[in-house]
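Q: Structure in structure tokens, see below.
There are 2 protein chains.
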Amino acid sequence: MEVLVPFSADRPKSRLAEFFSPDERESLARSMLDDVLRAVTGAGGDPRLLSTEQLDPPVDHPVTVDSRPLTAAVNAVLAEREPTESDPLAVVMADLALATPPVLGRLFDADGDVVIVPGRGGGTNALVVRTPSFRVDYHGLSYLDHRESAAAVDAAVTVFDSHRLATDIDERADLVELLIHGDGAATDWLREAGVTLDIDEGRVGVGRSDN
Amino acid sequence: MEVLVPFSADRPKSRLAEFFSPDERESLARSMLDDVLRAVTGAGGDPRLLSTEQLDPPVDHPVTVDSRPLTAAVNAVLAEREPTESDPLAVVMADLALATPPVLGRLFDADGDVVIVPGRGGGTNALVVRTPSFRVDYHGLSYLDHRESAAAVDAAVTVFDSHRLATDIDERADLVELLIHGDGAATDWLREAGVTLDIDEGRVGVGRSDN
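If you read the sequences in order, they're chains X and H.
At position 89 of the first sequence (counting the first as 1) the number is 70 in the working numbering, and the numbers step up by one without a gap.
At position 91 of the second sequence (counting the first as 1) the number is 72 in the working numbering, and the numbers step up by one without a gap.
See below:
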């Protein structure tokens, strides 16, 4: 299955600004992208990067450069590709650093004209599209919006329930999940940056040794 | 499968104190318990409540009253029950208001001497135990601790990946998940209490109309 991986190279992970410098955030975002691409490949998917600009170092996969916002860029690919049952397209966000080949394999195998993976907070972290007329809108409560727009084109919707895929790495609390459940480049990056789990009165957070 | 549902009737949901009065938190906690018991029954499980005190109104299931802290109370049941492959025991937290019969059915069917459902933040939201010597310790990073203690008694561990079951309803951000994904008594309770989704610059939170 072709798997589109949208990536924004422009000021990535700004919600982690209290914790990391701009250069560090860029480096962490790239580590997460590498983890996602590896997991997609491991699950038998064919990744195609949809990036706001060419990456340096480049990735070893096809790249479409589109500087437009996420929704417009993904919809341009959907319009051009016209996914079908026999030629589906998946869309997997580049910050799903907890994605593994087994969970992505189950996702790619899930039935449905549109398979939606909700992210924590009402977002859409991944999709499998098997119908030509479905379009995305990533703004706000996109999970509910995508259910509605799939219904509007008479697409059968499946919701895919996964903590790994619901966890996009966006804010400080998400780093806890990455340290507990991750074992890829992004988790290594965090550990090398001195970020560790921090338990305070039974609640788990993260701290940074050199901060 | 017998399913132990631990419930603390003493000052429940204190992390939601900024949002709800003590009476409201008690009422919300009871709604969530009712949702969990219904989901367990719907999945073919036999719930047994493990409560710090008798409930009013009572629940329509067997109740064990144990006023000790969670870990001691659950371990007392494990020691008495001595779960096995043919006579397993599940432990499902009472605040998993997003639990549904299908996801619990998949959990009960998952292989493993010890099946662990991680909660967001390193906790353990549910377990299936099929070995007599495994004991729990819910303090702190219990997910990692439970993996270790299962390995220490040579139990085969399975990790069960579910956003619904990873989401214990503990803090304000969890109410977002309940409003988006829930359709039981707790979600009704929230809506009647005037709690609604609130979108601000693309980020989703909750607000309360009468606050």
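For every residue, glycine included, the Cβ atom is placed at its ideal position computed from N, Cα and C.
1. Kindly indicate if chain X contains any beta-carbon less than 9 angstroms away from that of H:S143.
2. With distance defined between alpha-carbon atoms, name the residue in H:R184, H:H144 and H:F89 nearest to X:V140.
3. Does any heavy atom of the ligand HEM sit closer than 8 angstroms to the C-beta of X:I161?
4. Short of 6 angstroms in beta carbon distance, which residues of its chain neighbour X:L14, apart from the five on each side in sequence? Order them along the chain.
5. Looking at H:R184: is its Cβ nearer than 9 angstroms to the Cβ of H:F0?
6. Taking C-beta to C-beta, are H:V109 and H:L88 nearer than 9 angstroms?
7. Taking the alpha carbon of X:D16 as the point to measure from, which residue in X:V(-14), X:K(-6), X:A132 and X:R49 has its own alpha carbon closest?
8. Within 10 angstroms of the Cβ of H:E34, are there 16 or more other Cβ atoms? Answer buried if so, exposed if not.
9. Using the three-state DSSP reduction, which class does X:V58 fall into: helix, strand or coil?
10. Give the secondary structure of H:G115 by DSSP, where H, G and I count as helix, E and B as strand, and everything else as coil.
11. Are the C-beta atoms of X:T177 and some chain H residue less than 9 angstroms apart?
12. Near X:E66, which residues of its chain fall below 6 angstroms by C-beta distance, leaving aside the five closest residues on each side in sequence?
13. Do the CB positions of H:R101 and X:E182 come within less than 9 angstroms of each other?
14. Short check: CB of X:P28 to CB of X:P43, under 9 angstroms?
15. Please state whether the Cβ-Cβ distance between H:A20 and H:T81 is less than 9 angstroms.
16. Is there a Cβ of chain H sitting closer than 9 angstroms to that of X:E129, yes or no?
17. Assess, as a yes-or-no matter, whether the region 42 to 62 of chain H is touched by the region 127 to 141 of chain H under the definition of 3 or more beta carbon pairs within less than 8 angstroms.
18. Given a threshold of 16 other Cβ atoms within 10 Å of its Cβ, counted over all protein chains shown, does H:D(-7) qualify as buried or as exposed?
19. Buried or exposed, going by whether 16 or more other CB atoms sit within 10 Å of the CB of X:H162?
20. To which residues of the same chain is H:A166 closer than 6 angstroms at the C-beta, ignoring the five residues directly before and after it?
21. Can you have a look at X:H120 and say buried or exposed, based on whether 16 or more other CB atoms are within 10 angstroms of its CB?
22. Please name the residue, chosen from X:A174, X:V55, X:A60 and X:L31, that lies closest to X:S114 on a Cα-to-Cα basis.
23. So X:G23 contacts chain H; which residues on that side make the cut at Cβ distance below 7 angstroms?
24. Roughly how many whole angstroms lie between the Cα atoms of H:D126 and H:R116?
25. Does the beta-carbon of X:I150 have 16 or more other beta-carbons within 10 angstroms, so that it is buried, or is it exposed?
26. Using 9 angstroms as the limit for Cβ to Cβ distance, is H:A174 near chain X?
27. For H:A54, which of H:D68, H:P38, H:V40 and H:V72 has the nearest alpha-carbon?
28. For the alpha helix (DSSP H) holding X:F89, just list the boundary residues, first then last.
29. To the nearest angstrom, how far is the alpha carbon of H:R128 from that of H:S190?
30. Candidates X:T22, X:R6 and X:D4: which alpha carbon is nearest X:V(-16)'s?
31. In terms of residues, what are the limits of the beta strand (DSSP E) holding H:Q27?
32. Is it buried or exposed, X:D209, if we count other Cβ atoms within 10 angstroms and call 16 or more buried?
33. Classify H:N192 as helix, strand or coil using the three-state DSSP reduction.
34. On a Cα-Cα basis, can you pick out the residue from H:T52, H:L30 and H:L77 that is closest to H:T168?
35. I want to see whether chain X comes within less than 9 angstroms of H:I161, judged by CB atoms only; does it?
36. Any idea if X:D142 is buried or exposed, counting beta-carbon neighbours within 10 angstroms, 16 or more meaning buried?
A: Straight from the coordinates:
1. Contacts with chain X at 9 angstroms (Cβ-Cβ) include H:S143.
2. Looking at the Cα atoms, H:H144 is the closest of the given residues.
3. Because no ligand of any kind appears in the structure shown, any question about the ligand HEM cannot be addressed here.
4. Answer for X:L14: F(-12) and A75, listed in chain order.
5. No, Cβ-Cβ distance for H:R184 and H:F0 is not below 9 angstroms.
6. Their beta carbons are under 9 angstroms apart, which means H:V109 touches H:L88 by this criterion.
7. Taking only the C-alpha atoms, the option nearest X:D16 is X:V(-14).
8. So H:E34 ends up on the exposed side.
9. X:V58: helix per DSSP, three-state reduction.
10. Gly is not the amino acid found at residue 115 of chain H; the sequence shown has Phe there. Of the three classes helix, strand and coil, the one that applies to H:F115 here is coil, per DSSP.
11. Not a single CB atom of chain H sits nearer than 9 angstroms to the CB of X:T177.
12. The answer, listed in chain order, is R111.
13. It is not a contact, given that the beta carbons lie outside the stated cut-off.
14. In this structure, X:P43 lies closer than 9 angstroms to X:P28 by Cβ.
15. The answer is yes: Cβ separation under 9 angstroms.
16. No, because no Cβ of chain H sits closer than 9 angstroms to the Cβ of X:E129.
17. Counting Cβ pairs under 8 angstroms, fewer than three are found: no touch.
18. One point to set straight first is that residue -7 of chain H is Pro, not Asp, in the sequence displayed. Of the residues assessed, H:P(-7) falls on the buried side of the cut-off, its CB having 16 or more other CB atoms within 10 angstroms.
19. With 16 or more Cβ atoms within 10 Å of its Cβ, X:H162 is classed as buried.
20. Correct list, in chain order: S12, D15 and D16.
21. Per the 10 Å Cβ criterion, exposed.
22. Comparing alpha-carbon positions, the option among X:A174, X:V55, X:A60 and X:L31 lying closest to X:S114 turns out to be X:A60.
23. Within chain H, no residue comes near X:G23; the closest Cβ sits about 16 angstroms away, beyond 7 angstroms.
24. C-alpha separation (whole angstroms): 10 angstroms.
25. Buried is the call here.
26. For H:A174, the answer is no, since every Cβ of chain X falls outside 9 angstroms of its Cβ.
27. Nearest to H:A54 by alpha-carbon distance, out of H:D68, H:P38, H:V40 and H:V72, is H:V72.
28. Per DSSP, X:F89 belongs to the alpha helix (DSSP H) from P82 to D90.
29. When rounded, the distance between both Cα atoms is 43 angstroms.
30. Among X:T22, X:R6 and X:D4, the Cα nearest to that of X:V(-16) is on X:T22.
31. What sits at residue 27 of chain H in the sequence shown is Asp, not Gln. Residues D27 to S32.
32. With chain X running from -18 to 192 in the structure shown, residue 209 of chain X is simply not present.
33. Any reading at H:N192 must be qualified, since the residue scores a pLDDT of 49, below 50, and its modelled position is unreliable; the value itself is stated next. It is coil, neither helix nor strand.
34. Taking H:T168 as reference, the option from H:T52, H:L30 and H:L77 with the minimal CA-CA separation is H:L77.
35. By this cut-off, H:I161 is an interface position.
36. By the Cβ neighbour-count rule, X:D142 is buried, with 16 or more other Cβ atoms within 10 Å of its own.
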